[in-house]
């Protein structure tokens, strides 16, 4: 026999489990909390990253992205490596060491970067998406991580500077400050 009063618990929870509003569009400093390699619906390798906003009124909010390797499309492949370069994983300091997926995941965790965050509708629900990656405007040391080999150099190739920092977006009226579910794989 249950000693839990489920009715009271439901009442106490209120709207805490309701879908949250996406982050307002804008630029955010993010930190990669988790990375996992998966296979997309189209059979391609992708790295799903879970990121956390690092400051402002939306600090600690989460956003996910899928970094998909598309070998047969040079533009998409170039975008993958440009995004990885913004995360500090360059051809000289990382990819030249031929890392395996576990090493890529490990190297991504803790990386900081700046991102332009937008919104899109997926299956009838408005969600966030990372529109563009930029190198972090935080200290370069904050986003450095070792290359796969212990003797690998840590200096990266030059990348364009991030855009000027925009003021932190104002929260939408009534917007919750909770986590957003990840997007479905491509």
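In our numbering, the protein residues as written are 18 to 203.
Built from N, CA and C at the ideal position, the CB exists for glycine as well.
Does the Cβ of residue i have 16 or more other Cβ atoms within 10 Å, making it buried, or fewer, making it exposed?
i	result
residue 39	buried
residue 139	exposed
residue 147	buried
residue 107	buried
residue 178	Residue confidence for residue 178 is low, a pLDDT of 46 falling below 50, so the modelled location carries little weight and cannot support an answer.
residue 102	buried
residue 80	buried
residue 59	exposed
residue 20	exposed
residue 105	buried
residue 152	buried
Could you say which of the options lies nearest to residue i if we only look at CA atoms?
i	options	result
residue 155	63, 43, 72	72
residue 65	83, 108, 147, 125	83
residue 150	53, 98, 41	98
residue 43	131, 96, 142	131
residue 47	58, 142, 67, 144	67
residue 52	133, 111, 123	123
Name the two residues that bound the continuous beta strand (DSSP E) containing residue i.
i	result
residue 213	What the structure shows of the chain is the stretch from 18 to 203, and residue 213 is not part of that stretch, so it cannot be assessed.
residue 81	79-85
In this structure, what does DSSP give as the bridge partners for residue i?
i	result
residue 142	139
residue 152	130
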